[in-house]
Amino acid sequence: MERVQGGGGGAWGGPLLSILVIVAVCSCGVVVDGAGGEWALLQKSIGVSAMHMQLLKNDRVVVFDRTDFGRSNLSLPAGKCRDDANDTALKHDCSAHSAEYDVGSNTFRPLTVLTDTWCSSGAVAPDGTLVQTGGFNDGDRAARVFRPCGTCDWEETQFALTVRRWYASNQMLPDGNAIVVGGRRQFNYEFYPKSTAAGVVFNFPLLSQTRDGSENNLYPFLHLNVDGNLFVFANNRSVLLDYRKNVVVKTFPAIPGGDPRNYPSSGSSVLLPLRNAREAEVLICGGAPAGSYERALAGEFVAALATCGRIRITDASPMWSVETMPIPRVMGDMVLLPDGSVLVVNGAKQGTAGWELGRNPATSPVIYRPENPPGSRFEVQNPSRIPRLYHSTAALLRDGRVLVGGSNPHRLYQFSGEEFPTELSLEAFSPPYLDPASSNLRPAITTPVSKLGYGQNFTIGFRIPGELSSSTGLSITMVAPSFVTHSFSMNQRLLVLGIGKPRTVSQSTYSVDSSSPSSSSLAPSGYYLLFLVHAGIPSEGIWVQIQGFNSSREEDDS
Numbered sequence: 001m002e003r004v005q006g007g008g009g010g011a012w013g014g015p016l017l018s019i020l021v022i023v024a025v026c027s028c029g030v031v032v033d034g035a036g037g038e039w040a041l042l043q044k045s046i047g048v049s050a051m052h053m054q055l056l057k058n059d060r061v062v063v064f065d066r067t068d069f070g071r072s073n074l075s076l077p078a079g080k081c082r083d084d085a086n087d088t089a090l091k092h093d094c095s096a097h098s099a100e101y102d103v104g105s106n107t108f109r110p111l112t113v114l115t116d117t118w119c120s121s122g123a124v125a126p127d128g129t130l131v132q133t134g135g136f137n138d139g140d141r142a143a144r145v146f147r148p149c150g151t152c153d154w155e156e157t158q159f160a161l162t163v164r165r166w167y168a169s170n171q172m173l174p175d176g177n178a179i180v181v182g183g184r185r186q187f188n189y190e191f192y193p194k195s196t197a198a199g200v201v202f203n204f205p206l207l208s209q210t211r212d213g214s215e216n217n218l219y220p221f222l223h224l225n226v227d228g229n230l231f232v233f234a235n236n237r238s239v240l241l242d243y244r245k246n247v248v249v250k251t252f253p254a255i256p257g258g259d260p261r262n263y264p265s266s267g268s269s270v271l272l273p274l275r276n277a278r279e280a281e282v283l284i285c286g287g288a289p290a291g292s293y294e295r296a297l298a299g300e301f302v303a304a305l306a307t308c309g310r311i312r313i314t315d316a317s318p319m320w321s322v323e324t325m326p327i328p329r330v331m332g333d334m335v336l337l338p339d340g341s342v343l344v345v346n347g348a349k350q351g352t353a354g355w356e357l358g359r360n361p362a363t364s365p366v367i368y369r370p371e372n373p374p375g376s377r378f379e380v381q382n383p384s385r386i387p388r389l390y391h392s393t394a395a396l397l398r399d400g401r402v403l404v405g406g407s408n409p410h411r412l413y414q415f416s417g418e419e420f421p422t423e424l425s426l427e428a429f430s431p432p433y434l435d436p437a438s439s440n441l442r443p444a445i446t447t448p449v450s451k452l453g454y455g456q457n458f459t460i461g462f463r464i465p466g467e468l469s470s471s472t473g474l475s476i477t478m479v480a481p482s483f484v485t486h487s488f489s490m491n492q493r494l495l496v497l498g499i500g501k502p503r504t505v506s507q508s509t510y511s512v513d514s515s516s517p518s519s520s521s522l523a524p525s526g527y528y529l530l531f532l533v534h535a536g537i538p539s540e541g542i543w544v545q546i547q548g549f550n551s552s553r554e555e556d557d558s
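The structure is reproduced here in structure tokens:
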């Protein structure tokens, strides 16, 4: 079997404890079940809307909305009120606008964020710290860090960015730093921490060239290519950027149809699973036709786009192929699943992103299987009972479920008098691979690894209740947890690792050899979820840290 670049494995670590828990576990009964996945309500309310979401290495999820949003339904601890004379909603606020959700105990605690996080961006640093940048008002040049220690809170620096960043996108780079691209009226990019040329921003013409009347190039889609360059998609056009030299090295054809896909048209995008070090494909699905934002403001809600564009960005002459989803969708979220498929969830069938501008909720998720032949890649799943429109989010959890939250399609917290009221609940979608009928095929990792360098061989031990399948195969996947907001999961990537032939250790127990990614261009340093997939059924994931710096770009330049 050909060995494919990728990597990883990692131990769970200590027990999951909840500190300062405010709300006990609620009923977690299944809402809908069947062959098309299951939905379960986790919390009726966590007190804040999950406008932004990030899973961290301790199996806790940080969620937050915005500080100029009025009083939330979650109180801060005594003495931690926020006083802000410039706040546009509430100048003295003793409610939380961020929370930490503990997946293991299904509990949460309030966090204190001071500067305004409205429409901000983020990434996870190599040490597992959430680095969060930009926002609105007093937060537009701020950087905030959240360390996954169990009792930590936000740490903030107000002028960490060179220019204002509102509706920007972040991507972790092979050198362990983040690039911050775009934002409202910012046709440039910068690095965090600031580059050695302190205060320098780099002009990026694509962002000014693709701007239209409603600025359909906000939250540009960013994907780190296997060669270390950055794929950037804005509105309906895309380029490959050498950010170290500030040079566009490849210009791609416009996506067919020409309709915008970025905020407020708000399609979604993923880098499809990386199966080797030479090829990379990008998938972009949904959005809203040109002019939808202005028409929605006038009360006309246009049907969302049902098309997906797929392009192999490593080809010498890349071309888009177009597929049609079974459900049109704007404001959807795309989540890479450990079996290599893509979940498309949340959003609306009509309208656009923005306050009260979405209609006809798309409550049925769709699974896209990129390895299937064209025409047989989409599978409609069972619907949720909770509409998730503007400001909804979704993130993969270590147990293979997808955490879904948010939906706040109006100004301030409104729980009545709105067609789609403020949604403070959390629910979980269990893809079909978690069906109990597959439990006999589900592997369990018994001898994990926790730290790996680049190009390192390692062995994983595992157990399977039934027989090891020889016909449908065994694989190892490694998933980078992403920062999700506004229909885009920043830094999301999945690698399929090359493996050897499994060996029998004892009855129902086996081991298999694999190797970690060869460079940080394939997998930037940091924490990943590693899954063993047997007959299409993934194990529970384990955390692994990829350490060191070995960039193929550096090797190429030498």
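1 is the number of the first residue of the sequence shown in UniProt numbering; add one for each residue after it. Here a beta-carbon is modelled for each residue, glycine too, at the ideal position from N, C-alpha and C.
Margin query: Suppose you measure from the CA of P432 to the CA of I476; what does that come to, to the nearest Å?
Written below: 19 Å
Notebook entry, point to check: Where does the unbroken alpha helix (DSSP H) through R295 begin, and where does it stop?
Noted result: S292 to L297
Next item on the list: Name the two residues that bound the continuous beta strand (DSSP E) containing L42.
Entry: E38 to Q43
Check: Whose C-beta lies closer than 6 Å to the C-beta of G461 among residues of the same chain, with five residues either side of it excluded?
Finding: T446, T447 and S511
Check: So does the segment 153–168 actually touch the segment 117–135, counting three or more Cβ pairs closer than 8 Å?
Finding: yes
Notebook entry, point to check: If you draw a straight line from the C-alpha of Y454 to the C-alpha of I499, how long is it?
Noted result: 16 Å
Item checked: Between the CA atoms of G258 and V330 - distance to the nearest angstrom -> 16 Å
Next item on the list: Give me the Cα-Cα distance between A142 and M51, rounded to the nearest whole angstrom.
Entry: 18 Å
Notebook entry, point to check: So, do the segment 264–281 and the segment 240–249 have three or more beta carbon pairs nearer to each other than 8 Å?
Noted result: no
Check: So, helix, strand or coil for S438, using DSSP?
Finding: helix
Margin query: Suppose you measure from the CA of S18 to the CA of N235; what does that come to, to the nearest Å?
Written below: Reliability of the predicted coordinates at S18 is poor, the pLDDT of 30 falling under 50, and no value is obtained from them.
Notebook entry, point to check: Rounded to whole angstroms, how far is the Cβ of P338 from the Cβ of G541, which I believe are closer than 8 Å?
Noted result: 7 Å
Margin query: With DSSP as the reference, identify every bridge partner of V322, one or two as the case may be.
Written below: In the DSSP output, where bridge partners are listed per residue, V322 has G309.
Next item on the list: Following the continuous alpha helix (DSSP H) through Q381, name the residue where it begins and the one where it ends.
Entry: Where Q381 is concerned, there is no enclosing alpha helix (DSSP H), given that its DSSP letter is neither H nor E.
Margin query: Once the 5 residues before and after N229 are set aside, which same chain residues still bring their CB inside 7 Å of it?
Written below: L240, L241, D242 and V249
Check: Between V404 and N346, which are expected to be in contact by the criterion C-beta below 8 Å, what is the C-beta distance as a whole number of angstroms?
Finding: The beta carbons of V404 and N346 sit about 7 Å from each other, so the pair counts as a contact at 8 Å.
Notebook entry, point to check: Going straight from the alpha carbon of F301 to that of K91, what length do you get?
Noted result: 35 Å
Notebook entry, point to check: Closest to F191 by CA distance: which of V180, R184 and R185 is it?
Noted result: V180
Next item on the list: In angstroms with no decimal places, state the Cα-to-Cα distance between G309 and S506.
Entry: Rounded to whole angstroms, G309 to S506 spans 47 Å at the Cα level.
Notebook entry, point to check: If you count every other CB in all the chains shown that lies within 10 Å of the CB of T157, and 16 or more means buried, which is it?
Noted result: Looking at its Cβ environment, which holds fewer than 16 other Cβ atoms inside 10 Å, T157 is exposed.
Next item on the list: Determine the closest residue to N491 out of L224, Q456, N217 and D68, with distance taken between C-alpha atoms.
Entry: L224
Notebook entry, point to check: What are the partner residues of T393, as DSSP defines its beta bridges?
Noted result: G405
Next item on the list: Let me know if K57 comes out buried or exposed under the rule of 16 or more other beta-carbons within 10 Å of its beta-carbon.
Entry: buried
Note to self: Counting C-beta neighbours from all protein chains within 10 Å, is the total for G466 16 or more, i.e. buried, or is it exposed?
What the structure shows: exposed
Next item on the list: Report yes if the CB atom of S521 is closer than 8 Å to the CB atom of V226, and no otherwise.
Entry: Contact flag set, yes.
Note to self: If you measure between the beta carbons of Y189 and V201, is that distance less than 8 Å?
What the structure shows: Yes, Cβ-Cβ distance for Y189 and V201 is below 8 Å.
Notebook entry, point to check: At which residues does the beta strand (DSSP E) containing Q171 begin and terminate?
Noted result: S169 to M172
Next item on the list: Starting from L222, follow its DSSP beta bridges and name the residues at the other end.
Entry: V232
Notebook entry, point to check: Any idea which residues DSSP pairs K250 with across the strands?
Noted result: L240
Notebook entry, point to check: Hey, how far is the Cα of A394 from the Cα of F420?
Noted result: 18 Å
Checklist line | Which listed residue (N457, Y390, L114 and A353) has its alpha carbon closest to that of D84 | finding: L114
Check: So what's D138 in DSSP terms, helix, strand or just coil?
Finding: helix
Notebook entry, point to check: Are S407 and P387 touching if we call contact CB-CB under 8 Å?
Noted result: yes
Notebook entry, point to check: Helix, strand or coil: which one does DSSP assign to S317?
Noted result: coil
Note to self: Counting beta carbon pairs with one atom in the segment 70–79 and one in the segment 366–386, are three or more of them shorter than 8 Å?
What the structure shows: Result no; under three Cβ-Cβ pairs closer than 8 Å.
Checklist line | Of the residues L530, F108, G37 and Q171, the one placed nearest S515, counting alpha carbons only | finding: L530
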